[in-house]
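Undergrad: Sequential numbering of the sequence shown, starting at 2, is according to our numbering.
One structure, pasted below without further comment.
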Amino acid sequence: MTTKPAVVTRFAPSPTGHLHVGGARSALFCWAYARKHGGHFTLRIEDTDQARSSDESARGIMEDLAWLGIDWDEGPEFVHEGKKIGGDPQGVGPFFQARRVALYNKYLMQLIEQGRAYPAFESSEELEAKRKAAVAAKQTYRYDRASYHAYPTPEARLARMKEADAKGETYPIRFYAPAEEVVVQDEVLGDVKYAAGEMDDFVIRKADGFPTYHFAVVVDDETMGVTHVMRAQEHLNNTPRHVALQKALGFRTPVYAHMPLICNMDASKMSKRDKAKVARKTLKEAMAKDKALSAAGVGAAIGVATKELEDFIAAENDSLVTAQKLGAYFKIALPEIEVCDFRENGYLPGAINNFLALLGWNPGMKLADGKDLEKFDTKFLAEHFAIDRIGKTSAKFDRVKLLSFNGDAINGMSDEEFARVWREFCSHAEPRLVERVPEGQRWLWLAKAIKPRAKTLRDGIKPAGLFMMGDDAVEFDAGAVEKNLKAEGGKGMEMLREVLVRLQGLAEWTPGAIHGALELMAKERGLVNDKGAVNVGPVAAPVRVAVSGSGVTPPLGETLAALGREGVMKRVERCLAVNG
């Protein structure tokens, strides 16, 4: 076992779906604080909700964190790009809560024996009747401690539990809440006070035998040596319960810092439900416009049961699966909410981390021109992160700003680095492009042509669409053919025939040589403006149509070089034959 670190932070997601960018921000801040103080960053998987948790989600969360470069010192072992992350150097694992039930039970028994927790044997029907009675009396329902009073001593409760266990009877366990003020000392918000009697006897172990979030998190933070808990403000109302449990168990209280929420630009909470909202709005507008569209018809087309889709339309469910199927059906982009969304759409991890770091925190530094410092990497963040620079108000997720950050990050890459990263992205996002253009010089030429036009890695795929066509399968746009080839008595066709001859005679096939040949041809034809600059456009336009079918391509020298001599010749010859 290694020396216990002075600072231990943790990120503890529930594996019920993909990693939300808000969770990524929390993990990033916890990681940065640990790195700043030479401590440990721990990853813990809170999977006690057996109905919703999955190993697939847990792995996806770890993959997203590793892709962002947020590596954990303690936690599940994971291999990313050949690098091992995680482990148990302090001997505090396992790091999946479902595997720690025996430990939770030990502390549950401690509370029961001390009279600070008790089993509750009411049926759900009995509890519901009491709730309804409270509502009818216009009162707030609070559990009345009937089970506590029915078995007035710890011995009696333990005996009743033993009897129930023997019969296979299930029951929850409740915490006996203290009738005293609870003060949460928060490093961001200051002291937050909760009046005596405000806390109810909340459940700390469910009837299925698994601990609730409140109990498991307190036991884990203590036994894993967590010194600082940094999480979103939405957890603030949970914290008094945790402090009360810590006091009852004789645990220390970690330093708490509740970070501002992340909102959309309209101040609404940024949620996975945003995808459902966009998909629902699109479907309802389409159905209003086209009366032939029905829930049954659309449901059959996308593979969703009619009743399920009707409930989705009525906002009675916000199924992400349904939203994604509708997005594909209507060919609309759903808002990126989870880290994997941004990854699939070609954002760079460095740009995402930089942007997330500014959601609720700032380094408090100025540039030479007086503007706030905004562009930095995770190394800078780890060196300068401090809790006292976390804000209190909600942070707005400005997608335009993130896109700008990402575009700047791409622009700041060398051509060689962009070529490598873009090829890796395309190998998953558009493998046809990787198959058509070999790695090496031709791919580098293509990447160089694409890079200035790409704010995301995915942006580069569309302008490279001509590379995914077969040389004998280019479809020619009628308007482009008329304008660039057949107008003025077929002037463009004549130009294209001469271009073919000149390109066939090139000694070397490089962007510079190709551009030089086209420029020389334009100059010889007198295509020069009043300032003496050569106008290559009339020469290049027919070539663009020949190789792409349209009048638009990336820079022609790089495009033709990347296509390869043989491919270009085939496309030009076919264009002349088809349109001649």
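Even for Gly, the Cβ is constructed at its ideal location relative to N, Cα and C.
Computed from a predicted model, the values in this text were never measured in an experiment.
Check whether the Cβ atoms of ALA118 and ILE174 sit closer than 8 Å, and answer yes or no.
TA: Cβ atoms of ALA118 and ILE174: closer than 8 Å.
Undergrad: Quick check on DSSP: helix, strand or coil for LEU44?
TA: In the structure shown, LEU44 sits in a strand (DSSP, three-state: E or B).
Undergrad: Taking the DSSP output, what are the residues bridged to PRO212?
TA: Partner(s): ARG206.
Undergrad: Would you identify the three-state DSSP class for PRO77, choosing helix, strand or coil?
TA: PRO77: strand per DSSP, three-state reduction.
Undergrad: By DSSP, does THR10 sit in helix, in strand, or in coil?
TA: Strand, per DSSP.
Undergrad: Terminal residues of the continuous beta strand (DSSP E) containing ASP192?
TA: That run of the beta strand (DSSP E) goes 191-195.
Undergrad: Once the 5 residues before and after GLY365 are set aside, which same chain residues still bring their CB inside 7 Å of it?
TA: Correct list, in chain order: ARG390.
Undergrad: Taking LEU528 and PRO539 to be in contact with their CB atoms under 8 Å, please state how far apart those CB atoms are, rounded to whole angstroms.
TA: At roughly 6 Å, the Cβ-Cβ gap stays under 8 Å, so LEU528 and PRO539 are in contact.
Undergrad: Tell me whether GLN442 sits in a helix, a strand or coil according to DSSP, three-state version.
TA: Reduced to three states, the DSSP call for GLN442 is helix.
Undergrad: Quick check on SER54 - is its C-beta less than 8 Å from some C-beta in chain C?
TA: Among the chains of the structure shown, chain C does not appear; only one protein chain is present.
Undergrad: For ALA180 and GLY191, which I take to be in contact (beta-carbon distance under 8 Å), what is that distance rounded to the nearest angstrom?
TA: Between GLY191 and ALA180 the Cβ distance is about 24 Å, and since that is not below 8 Å, they are no contact.
Undergrad: Where do the N-terminal and C-terminal ends of the beta strand (DSSP E) with PRO453 fall, by residue?
TA: No beta strand (DSSP E) holds PRO453; DSSP gives it neither H nor E.
Undergrad: Nearest to ALA578 by CA position, among GLU495, HIS38 and ALA157, is which residue?
TA: Ranking GLU495, HIS38 and ALA157 by Cα distance to ALA578 puts GLU495 first.
Undergrad: Quick check: the Cα distance between ALA249 and LEU360, rounded to an integer number of angstroms?
TA: The straight-line gap from Cα to Cα measures roughly 36 Å.
Undergrad: Could you give the first and the last residue of the continuous alpha helix (DSSP H) run that contains ALA481?
TA: Unbroken alpha helix (DSSP H) run through ALA481: 479-482.
Undergrad: With a CB to CB cut of under 7 Å and the five nearest residues on each side skipped, what residues in its chain are close to VAL502?
TA: Answer for VAL502: no residue qualifies.
Undergrad: Taking only the alpha-carbon atoms, compute the straight-line gap between ALA138 and ALA103 and give it to the nearest angstrom.
TA: So the alpha carbons of these two residues sit roughly 42 Å apart.
Undergrad: Would you mind giving the Cβ-Cβ distance between VAL227 and PRO255, rounded to the nearest angstrom? I have them listed as a contact below 8 Å.
TA: Confirmed, about 5 Å.
Undergrad: Count the other CB atoms within 10 Å of the CB of ARG206; is the residue buried (16 or more) or exposed (fewer)?
TA: Buried, by the Cβ-count rule.
Undergrad: Measure the C-alpha to C-alpha separation of LYS270 and LEU262 and round it to an integer number of angstroms.
TA: If I take the Cα positions, the gap works out to 8 Å.
Undergrad: Identify the continuous alpha helix (DSSP H) that holds GLN111 and give its terminal residues.
TA: 102-114 is the extent of the alpha helix (DSSP H) around GLN111.
Undergrad: With DSSP as the reference, please indicate the residues paired to ALA362 in a beta bridge.
TA: It is Trp, not Ala, that sits at residue 362 in the sequence shown. Looking at the DSSP assignment, TRP362 forms a beta bridge with ILE391.
Undergrad: Do the segment 299-308 and the segment 316-333 make contact, defined as three or more Cβ pairs closer than 8 Å?
TA: Touching, per the Cβ criterion.
Undergrad: Which same chain residues end up closer than 6 Å to ALA135 when comparing Cβ atoms and leaving out the 5 residues on each side of it in sequence?
TA: Once the five neighbours on either side are set aside, the close Cβ partners of ALA135 are TYR142.
Undergrad: Count the other C-beta atoms from every protein chain shown that fall within 10 angstroms of the C-beta of ARG433, then say buried if there are 16 or more, exposed otherwise.
TA: Exposed is the call here.
Undergrad: Count the other CB atoms within 10 Å of the CB of MET266; is the residue buried (16 or more) or exposed (fewer)?
TA: It is exposed - the Cβ of MET266 has fewer than 16 other Cβ atoms within 10 Å.
Undergrad: Thinking C-alpha only, which one of ALA383, PHE477 and ALA481 is nearest LEU29?
TA: Measuring from the Cα of LEU29, the nearest candidate turns out to be ALA383.
Undergrad: Are the segment 546-566 and the segment 452-471 touching, with three or more C-beta to C-beta distances below 8 Å?
TA: The segment 546-566 is in contact with the segment 452-471.
Undergrad: I think ALA563 touches ASN485, with their Cβ atoms under 8 Å apart; what is that distance to the nearest whole Å?
TA: In fact, because the Cβ distance is near 21 Å, the residues do not count as touching under 8 Å.
Undergrad: Helix, strand or coil: which one does DSSP assign to ARG117?
TA: Of the three classes helix, strand and coil, the one that applies to ARG117 here is coil, per DSSP.
Undergrad: Just list the residues that DSSP pairs ASP187 with in beta bridges.
TA: Bridge partners of ASP187: GLY191 and TYR257.
Undergrad: Excluding the 5 residues preceding and the 5 following CYS427 in the sequence, name in chain order all residues of the same chain whose CB lies nearer than 6 Å to its CB.
TA: Only LEU434 and VAL435 meet the Cβ criterion.
Undergrad: At the level of alpha carbons, what is the spacing between PHE216 and ARG100?
TA: Taking the straight line from one Cα to the other gives about 15 Å.
Undergrad: Return the bridge partner residues of CYS264 from the DSSP annotation.
TA: CYS264 pairs with LYS270 and LYS397.
Undergrad: Under the three-state reduction of DSSP, which class applies to GLU339: helix, strand or coil?
TA: Three-state result, GLU339: strand.
Undergrad: Hey, TRP73 and THR49 are a contact pair by Cβ (cut 8 Å); roughly how many whole angstroms apart?
TA: Contact doesn't hold; Cβ gap of about 20 Å is too wide.
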